[in-house]
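> Chains as they are written, first to last, in this note's numbering: chain A, 342 to 1090; chain B, 130 to 349.
In this text, a Cβ means the ideal position worked out from N, Cα and C, and glycines have one as well.
Remember, it's a predicted structure, so these values are computed and weren't measured experimentally.
Supplied in structure tokens, the structure appears directly below.
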């Protein structure tokens, strides 16, 4: 066994239960670290190992599953997990960069700052690569809003996202708001950022060769956010509020200057740099050690040179602080002064805090004292676990429940059912949320929030980008494999409805404690389901984040893998929206049959809202989903589609109503004879979309569908001012009133 | 025309304004707030954003930037200065326009399309419009509630210095629905809405071009 010499001036840390609990390291993991070092770690080393081995940084339970993901094709320019975000060639000499990340636990404790710093972190991941961030999306989940606690979290999180994102001048263009019982006390706050850069202009998160100078730039370092990575890796309990110091406080103004300076530096003076990295979870520790790992090198950090905002900070605190708005630049020795001068323009100070070495050791100095000297390879090789997996018996039995045991909906009750669904917060208009976000700054937002996907143009490029997020937790709970595959399918459908070809996925895996068999089953099956779906759409996973231990005293959260999908539209001027447009346009249902059987009610919003049930089978047909995507893209590229909207939450009737409300025009649909009215109107069979076309274009639409073997049926016509579908007969304005007033009624006042 | 688009730390509509003007065949240059001369330009744009993070008060720190004394001299020449959103807030803080912008009455940020009525069409900023015309310009602000003492409001209205008012729902509680005002000389306009976001049909509207075209016609 190799024994690595201990740091010259520090004794071995006392590894008491309290000390290990604070860094969420198990006794066995501590012993493993001792074995790998050939000695006991010093306290700074132990803190660094604890942070880097935390679930948040080390992906101990999710990493062994990542091999399922497809991660490569000719467009993908990065290797999964190697950089701050994933990069995709979008053509025309441009590259898109994207990533999604969670900030669940901080938001549970301090909603405004927790959500705000979540935005700050994901934006830094994008500009750390030298890309210009151009859009944000936020995928949010809370407990029922009738509860004051959940309302406070929701209002605070939305304000925090707006407060930070608006100040940066990056439009927040999309996302989700989902309400479910299990998210009480443990909300999910996932932020996604999309950036662009000219091809060949990205920079890596590497440390460079020995002698490279490591500079910190941005905020001074304080004690805020200490043990944040650890905090993200344990369950929430009644003592969590005491962890408030683990939540960082954001300064978006500083981040805006930092972003402008870094993007400009990489654009104009990439040759001054070896690499660029943001200080996220585990602060200077993770950023510098991970950079060293990528360069196969060591580092020496002088903590006395780190600018601080508090006096008396120990080297341990300096190394583990999660103060926001900091970046690490690996700078060629000859250009240290140039880099300093560059940042001065924005009133930012860049300081050399260390350098790259050739011995593979991460050394930390406190003045003349050496307090850590552990190999980079030990710190960056946490153990990986594959616990026992077993399907939860309750979820399994609920998924076997047969919805045909329900009495079918009477036509006379259909109006009321639609109105109740439109007023359900999961379906209701999200305008209350997105009007608090600047979604237009940058003047690139071609399709604004409220449609299936947001569409952005890239100035000077013919192609456009479509982005969305989807995470159908209820379906995943009932059937993790099919539900997670459905998450990918829904996201692909959403970008395809805007006319975009899906090209890549970023994912945020929000699960509870994976050390328990049912949770690990959810996690592993979800990853398998997502992987198969990503293969079906040729959309590799390019980046992501795992957020485990999402549990409160009320229990685990619904398993919620959130998929962020990027699509490319071949001509942005042909972007399609969900709104019906002109009287007389024909309404077509693409994919699936009009007449649906009861099984499609499984896991539906209809069952949840009208019957208080989360049960039934979850199906997914990836071949049909891929055919639908092909048909939608072909129809959009030919300029045939005047509107397109997928059938998801609330099924066909809600899709029709949403297209009608968005266009402020009625629709008249003929159902014919159906076996089950409830399933036909509100069932959530996948692989379906409602589109409208000019009557003379109908034949071309049929041709596209036939080419991809997709059923297509003319089901009605746009016109009038009422939504009319067997049993449903409502003025559009009445539907819109229910749909638009639901969230304000819950959240205002 | 040759425009200077002023950029303070935290400004973010600078490029949007540059593109909107360039699309109309004008020259527009981003000018960092440390510049001390603006003599060579024909018009100045103060874009939106959060200069200095809105610390202390919107626009309160930006008004002390070196470029601001050049801006005051520029205003006295009669050449046009246009401030939108944070630019309007800065013009008020600097005393080039009266009044202040308070937190929205809803206490929430608002980003949405907004209908405005054009109060006068015989000014350098509105000559491409008709009096009473309704235009659609997006708003995006948390502190856009225009406030001034009644005597100042009366004076503004009597002198015909209110050029734009919110039509329909007042989105921020501005007194007398005021959305945009000019100085007594008529060459400094401040407004909360964003015409640069309505200058491209691809983004759903071009009503912002009325303002740019008017300025070019009058001062170009």
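At the 9 Å Cβ level, is residue 668 of chain A part of the contact set with chain B, yes or no?
So no, residue 668 of chain A is outside the interface.
> Please identify the residue among A:626, A:526, A:968, A:797 whose C-alpha is closest to the C-alpha of residue 706 of chain A.
Closest by alpha carbon: A:626.
> Any beta-carbon of chain B closer than 9 Å to the one on residue 482 of chain A?
Output row for residue 482 of chain A: interface = no.
> How far does the alpha helix (DSSP H) with residue 1094 of chain A in it extend, from its first residue to its last?
Since the first residue of chain A shown is 342 and the last is 1090, residue 1094 of chain A is not available in this structure.
> Contact check, residue 894 of chain A vs residue 526 of chain A under 8 Å by CB: the rounded distance?
Rounded, the Cβ-Cβ distance is 7 Å, consistent with contact.
> Please name the residue or residues paired with residue 140 of chain B in a DSSP beta bridge.
Beta-bridge pairing links residue 140 of chain B to B:178.
> With a 10 Å radius around its C-beta and 16 neighbouring C-beta atoms as the bar for buried, classify residue 1097 of chain A as buried or exposed.
Absent from the model: residue 1097 of chain A. The displayed extent of chain A is 342 to 1090, so no value can be given.
> Quick check: is the beta carbon of residue 295 of chain B nearer than 9 Å to any beta carbon in chain A?
No - not a single Cβ of chain A is within 9 Å of the one on residue 295 of chain B.
> Note down, one range per segment and in chain order, each beta strand (DSSP E) of at least 3 residues found wholly within the region 744-800 of chain A.
Runs found: 786-788, 795-798.
> Could you tell me the distance, in whole angstroms, from the CA atom of residue 312 of chain B to the CA atom of residue 254 of chain B?
Each residue's alpha carbon lies about 12 Å from the other.
> Tell me the rounded alpha-carbon separation between residue 283 of chain B and residue 294 of chain B.
Taking the straight line joining both Cα atoms gives about 15 Å.
> So is residue 267 of chain B in contact with chain A if we call contact Cβ pairs under 9 Å?
At least one chain A Cβ lies under 9 Å of residue 267 of chain B.
> Is it right to say residue 815 of chain A is buried, meaning 16 or more other beta carbons lie within 10 angstroms of its own, or is it exposed?
Looking at its Cβ environment, which holds 16 or more other Cβ atoms inside 10 Å, residue 815 of chain A is buried.
> To test your reading of the DSSP string, which unbroken alpha helix (DSSP H) runs of 4 or more residues are found completely within the region 1027-1072 of chain A?
Taking only runs of at least 4 residues, the alpha helix (DSSP H) segments lying wholly in the region 1027-1072 of chain A are 1039-1048.
> Could you tell me whether the Cβ atoms of residue 499 of chain A and residue 477 of chain A are closer together than 9 Å?
No.
> Since residue 636 of chain A and residue 548 of chain A should fall inside the 8 Å C-beta cutoff, what is the C-beta to C-beta distance between them, to a whole number of angstroms?
Yes, residue 636 of chain A and residue 548 of chain A are in contact; Cβ-Cβ is about 4 Å, under 8 Å.
> Just checking: is the beta-carbon of residue 336 of chain B within a distance shorter than 9 Å of some beta-carbon in chain A?
By this cut-off, residue 336 of chain B is not an interface position.
> Please go through the same chain and pick out, in chain order, the residues whose beta-carbon is closer than 7 Å to the beta-carbon of residue 826 of chain A, but skip the five residues on each side of it.
If we look at residue 826 of chain A and ignore the five residues flanking it on each side, its Cβ neighbours are 870, 871, 873, 874, 961, 963.
> Counting only C-beta atoms, is residue 165 of chain B closer than 9 Å to chain A at any point?
Cβ-Cβ to chain A under 9 Å: no for residue 165 of chain B.
> Do residue 553 of chain A and residue 650 of chain A come within 9 Å of each other at the CB atom, strictly closer than that value?
Contact: no.
> Quick check on residue 157 of chain B: does DSSP put it in helix, strand or coil?
Note: residue 157 of chain B maps to strand in three-state DSSP.
> For residue 319 of chain B, which residues in chain A fall below 8 Å Cβ to Cβ?
Per Cβ cutoff of 8 Å: no residues; residue 319 of chain B is ~19 Å from chain A at best.
> Residue 357 of chain A to residue 368 of chain A, Cα distance in whole Å?
Between residue 357 of chain A and residue 368 of chain A, the C-alpha separation is close to 9 Å.
> Can you list, in chain order, the residues of its chain whose CB lies under 6 Å from that of residue 215 of chain B, leaving out five sequence neighbours each side?
If we look at residue 215 of chain B and ignore the five residues flanking it on each side, its Cβ neighbours are 177, 178, 180.
> Distance check for residue 1072 of chain A and residue 391 of chain A, CA to CA, integer angstroms please.
Rounded to whole angstroms, residue 391 of chain A to residue 1072 of chain A spans 60 Å at the Cα level.
> Looking at residue 634 of chain A and residue 718 of chain A, is the spacing between their C-beta atoms short of 9 Å?
In contact: residue 718 of chain A and residue 634 of chain A (Cβ atoms closer than 9 Å).
> For residue 426 of chain A, collect the residues of the same chain with a Cβ closer than 7 Å to its Cβ; drop the 5 residues on either side in sequence, then sort them by chain order.
These residues qualify, in order along the chain: 438, 439, 440, 466, 467, 470, 884.
> So which residues on chain A does residue 239 of chain B lean against when the C-beta distance must stay under 9 Å?
Under the 9 Å cutoff, chain A gives 776, 777.
> Less than 8 Å separating the Cβ of residue 286 of chain B from some heavy atom of the ligand FAD?
As far as ligands go, the structure on display features none, and thus does not contain the ligand FAD.
> Counting only the same chain and skipping the five closest in sequence on each side, list residues whose C-beta sits under 7 Å from that of residue 327 of chain B.
For residue 327 of chain B, where only same-chain residues beyond five positions count, the Cβ hits under 7 Å are 265, 266, 267, 334, 335, 336, 337.
> Can residue 896 of chain A and residue 808 of chain A be called in contact, C-beta distance under 9 Å?
Not in contact: residue 896 of chain A and residue 808 of chain A (Cβ atoms no closer than 9 Å).
> Which residues share a DSSP beta bridge with residue 531 of chain A?
A:443, A:480.
> Measure the alpha-carbon distance for residue 976 of chain A versus residue 985 of chain A and round it to whole angstroms.
Between residue 976 of chain A and residue 985 of chain A, the C-alpha separation is close to 10 Å.
> Rounded to whole angstroms, what is the Cα-Cα separation between residue 529 of chain A and residue 889 of chain A?
If I take the Cα positions, the gap works out to 11 Å.
> Would a C-beta distance cut-off of 9 Å place residue 275 of chain B and residue 220 of chain B closer than the cut-off?
The answer is no: Cβ separation not under 9 Å.
> At a Cβ cut of 7 Å, what residues of the region 496-513 of chain A count as close to chain B, listed as they run along the chain?
Of all residues in the region 496-513 of chain A, 503, 507, 508, 510 have a Cβ within less than 7 Å of some Cβ in chain B.
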